[in-house]
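Visitor: Okay, so the sequence shown: first residue is -4 according to this note's numbering, each after it adds one.
Even for Gly, the Cβ is constructed at its ideal location relative to N, Cα and C.
First the structure, which I've put down as structure tokens, then a few questions once you've had a look.
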Amino acid sequence: MAIVLAVGTLFLATPANAASINYVALGDSYSAGVGSGNYDSNSGSCSRSFSAYPVLWKNAHSVSGFNFVACSGARTGDVLNSQISALSSSTSLVSITIGGNDAGFAGTMQTCVLSGTSACLSAVATDEAYAQNTLPGQLDQVYAAIHAKAPNAHVVVLDYPHLYQVPGSCWFGISDTSRKAINGAADTLDGVIAKEAANAGFTFSDVRGVFATHEICGSSSQWLHSTTLPIDESYHPTSDGQQYGYLPVFNGVA
């Protein structure tokens, strides 16, 4: 597949063997498309969206098979217990975002919004310690299981964007000190994911660059929700974040 990214314009070349691709999308809410609306009522609490990047990619490539099992709130253990079974030796492409829930970032965002800068920095430090010390082993288990179930697949591991542009255009909400710390925690998490993906021989794909200026408080159109209703959509990509953020990054390596 060829990809050229210039001045915000994406030119895509569809692979000649697209019809032979058997694609399975694993992961958490960032892969399920929470925050982008247009949810599949049959997905229940997993909140899988028809606007999520896996569905958008599938729709553009006429694949031979597609199994979308990413689920809101998923942790590494959920992938192992509930999602891995979607893979087989015939799976040729896998995408996954996982690790943010294990590290506790949803609870940390609640702390940062409700409890002030000091409590926020403490919660962020706890998350970073978890990401550095415990998450690597959990990711290794997931990646090993993916390889065992789908030994012939090209596996793409995507990460998480910065939530905030700092300094940004927001004059309300949490402090810039907290925003910087949250972005720093995303860097820590993404660094761990990148390292373990490389150790597994998988392709790591970084979304932080394409989301730059489109974060909360960003100078361009924002591709991430701040605190919003329904509350579970807070701090997740919008439909634009899926279409213009995650999709082209995944497409560039898929």
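In the structure shown, what three-state DSSP assignment does Y230 receive?
Guide: It is coil, neither helix nor strand.
Visitor: Just tell me which of G95, Q160, K144 has its CA closest to the CA of P131.
Guide: With distances taken between Cα atoms, P131 lies closest to G95.
Visitor: Thinking just about the alpha-carbon of each residue, which of Y155, I93, K175, G240 is nearest to the one in A69?
Guide: When only C-alpha atoms are compared, the closest one is I93.
Visitor: Between the alpha carbons of A195 and D154, how many angstroms are there, rounded?
Guide: Approximately 15 Å between the Cα atoms of the pair.
Visitor: I believe H231 touches W218 by the beta-carbon criterion, under 8 Å. Please report the beta-carbon distance rounded to the nearest angstrom.
Guide: That belief does not hold up - the Cβ atoms of H231 and W218 are roughly 10 Å apart, past 8 Å.
Visitor: Using beta-carbon positions only, say whether V202 and V244 come within less than 7 Å of one another.
Guide: Their beta carbons are under 7 Å apart, which means V202 touches V244 by this criterion.
Visitor: Based on the DSSP secondary-structure assignment, which residues constitute the bridge partners of Y159?
Guide: Y159 pairs with I211.
Visitor: Among N246, S221, Y159, S40, which has the Cα closest to the Cα of G213?
Guide: It is Y159 whose Cα lies nearest to the Cα of G213.
Visitor: Below 8 Å CB to CB, which residues in the same chain sit around N147 once its five sequence neighbours on both sides are set aside?
Guide: Here the set comprises S84, S85, T86, S87.
Visitor: Rounded to whole angstroms, what is the Cα-Cα separation between P10 and S173?
Guide: Only weak support is given to the placement of P10: the predicted model assigns it a pLDDT of 43, under 50, and the question is left unresolved by the model.
Visitor: Distance, Cα to Cα, G247 vs V151?
Guide: Answer to the nearest angstrom: the Cα atoms are 10 Å apart.
Visitor: Roughly how many angstroms lie between the CA atoms of G30 and A143, to the nearest whole one?
Guide: Distance between the alpha carbons of G30 and A143 is about 32 Å.
Visitor: Determine whether the beta carbon atoms of A124 and T103 lie at a separation below 7 Å.
Guide: No, they are not a contact pair.
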